[in-house]
Amino acid sequence: MISLQPLTNPKPSLLYVHPFSPKPRTKFKPISIHSLLQYNRKPQLAGETPRVVVITSGKGGVGKTTTTANIGLSLARLGFSVVAIDADVGLRNLDLLLGLENRVNYTVVEVLNGDCRLDQALVRDKRWSNFELLCISKPRSKLPLGFGGKALIWLVEALKAREEGVPDFIIIDCPAGIDAGFITAITPANEAVLVTTPDITSLRDADRVTGLLECDGIRDIKMIVNRVRTDMIKGEDMMSVLDVQEMLGLPLLGVIPEDTEVIRSTNRGYPLVLNKPPALAGLAFEQAAWRLVEQDSMKAVMVEEEPKKRGFFSFFGG
1 MISLQPLTNP KPSLLYVHPF SPKPRTKFKP ISIHSLLQYN RKPQLAGETP
51 RVVVITSGKG GVGKTTTTAN IGLSLARLGF SVVAIDADVG LRNLDLLLGL
101 ENRVNYTVVE VLNGDCRLDQ ALVRDKRWSN FELLCISKPR SKLPLGFGGK
151 ALIWLVEALK AREEGVPDFI IIDCPAGIDA GFITAITPAN EAVLVTTPDI
201 TSLRDADRVT GLLECDGIRD IKMIVNRVRT DMIKGEDMMS VLDVQEMLGL
251 PLLGVIPEDT EVIRSTNRGY PLVLNKPPAL AGLAFEQAAW RLVEQDSMKA
301 VMVEEEPKKR GFFSFFGG
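At position 199 of the sequence shown the residue is numbered 199 (the UniProt record's numbering), and the sequence of numbers has no breaks.
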């Protein structure tokens, strides 16, 4: 538990404050945040294992795959066993972000056809042995006509029955849109992480996806707000995190700031959470993973609004 204090502007706007930012010296009533990374202990795993989590958004390009890669490796670094499933059939990219594209020799298609065993299709990460990647299919390959939600449920059940042990987390990277690929990806999940950005098109799609998830019986839905720019929010050019929360009505799992290191890490196939020194976005992903383990959430708090510039005629009441 940590207390953060609002800054001293008399007209505050609402925005998330990073827990590692310095505290102001003036004394105000503290505001509580539910959880904070505590590096002196391991987070306590809540719920029954394996926890099957689908990461979705509806809109493409908001950061689902980046979120899957960084949260998955953060969980592995915390000591949990993780299997990440790339459920995007036609445009798979998770292997590229993890730097494992040259190690994918077999996919779920070969497993279903009887051409290989499940353990042969699982690709172990070269940095963290408790993180494994599983791709549904290769680019340009065709799925069997019968592949759907039932096939993915069978896949999850097969992972539960592995001789190596049951993984703590099965994370499913959901494809964009709300078509058959989306329905297939969410079928075996019992909780969801909804990734959105603070723009109206992304929020509209996120609201639609929330309704579909609830209709499918997934009630444990948390939200990650990605690509947040504090300068634009202070200038009232971007919605604040609390505005997003009010529109979607979902618990907040994490807030990821806009960071140029995201592009560099994507091109290198080296997730942000492995950077030394850590980037701001990498720290935010680690905190989101910590909250996911303990089924916790966070609160956005107030920061000061950028003061409006006063012109020459303001001295005369203009």
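Every residue, glycine too, gets a C-beta built ideally from N, C-alpha and C.
Worksheet entry | Beta-bridge pairing of A84 - partner residues as DSSP gives them | L133, I171
Worksheet item: If we count the other Cβ atoms within 10 Å of its Cβ and call it buried at 16 or more, is I263 buried or exposed?
Response: exposed
Discussion item. Quick check: the Cα distance between S137 and G114, rounded to an integer number of angstroms?
Written reply: 14 Å
Item to complete: Give the straight-line distance between the Cα atoms of A189 and I221, rounded to the nearest whole angstrom.
Response: 11 Å
Fill in: Buried or exposed (CB count within 10 angstroms, at least 16 for buried), V123
buried
Discussion item. Is it buried or exposed, I71, if we count other Cβ atoms within 10 angstroms and call 16 or more buried?
Written reply: buried
Worksheet item: How long is the line joining the alpha carbons of residue 344 and E191, rounded to whole angstroms?
Response: Nothing can be reported for residue 344, as the shown portion of the chain is limited to 1 through 318.
Item to complete: Would you identify the three-state DSSP class for N70, choosing helix, strand or coil?
Response: helix
Discussion item. For P12 and T196, I'd like the C-alpha separation in whole angstroms.
Written reply: In this prediction, P12 has a pLDDT of 37, which is less than 50 and means its spatial position is unreliable; what the coordinates show is noted afterwards. Using only the alpha carbons, I get a separation of about 24 Å.
Worksheet entry | Between the CA atoms of M238 and F169 - distance to the nearest angstrom | 34 Å
Item to complete: Enumerate, from N- to C-terminal direction, the unbroken alpha helix (DSSP H) stretches of 4 or more residues contained entirely within the region 210-297.
Response: 230-234, 241-248, 261-268, 280-293
Worksheet item: When the Cα of K150 is compared with those of L112, V193, G254, which residue comes out closest?
Response: L112
Practice prompt. Check whether the Cβ atoms of V225 and V255 lie closer than 9 Å to each other.
Written response: yes
Item to complete: Could you tell me whether the region 127-134 touches the region 71-91, where touching means 3 or more Cβ pairs closer than 8 Å?
Response: yes
Worksheet entry | Touching by the beta-carbon criterion (3+ pairs, under 8 Å), the region 229-248 and the region 92-107 | no
Discussion item. With H, G and I counted as helix, E and B as strand and the rest as coil, what does DSSP make of E191?
Written reply: strand
Worksheet entry | L100 versus E132, S81, L203, residue with shortest Cα-Cα distance | E132
Practice prompt. Check whether the Cβ atoms of L212 and I171 lie closer than 9 Å to each other.
Written response: no
Discussion item. Quick check: the Cα distance between residue 347 and C215, rounded to an integer number of angstroms?
Written reply: The first residue shown for the chain is 1 and the last is 318, placing residue 347 beyond what the model contains.
Worksheet entry | Cα-Cα separation, A284 to L272 | 10 Å
Fill in: Local Cβ density within 10 Å of M298, reported as buried at 16 or more and exposed below that
buried
Worksheet item: What residue range is occupied by the uninterrupted beta strand (DSSP E) comprising V54?
Response: 51-56
Discussion item. Suppose you measure from the CA of T184 to the CA of T67; what does that come to, to the nearest Å?
Written reply: 20 Å
Worksheet item: Nearest-angstrom Cα distance between S21 and A279?
Response: Per-residue confidence for S21 stands at a pLDDT of 40, beneath the threshold of 50, marking its modelled position as unreliable; the derived number appears in the next sentence. Whole-angstrom Cα-Cα distance: 14 Å.
Discussion item. How far does the alpha helix (DSSP H) with N113 in it extend, from its first residue to its last?
Written reply: 108-113
Worksheet item: Is DSSP giving T196 helix, strand or coil here?
Response: strand
Worksheet entry | K42 burial status per 10 Å Cβ neighbour count (16 or more: buried) | exposed
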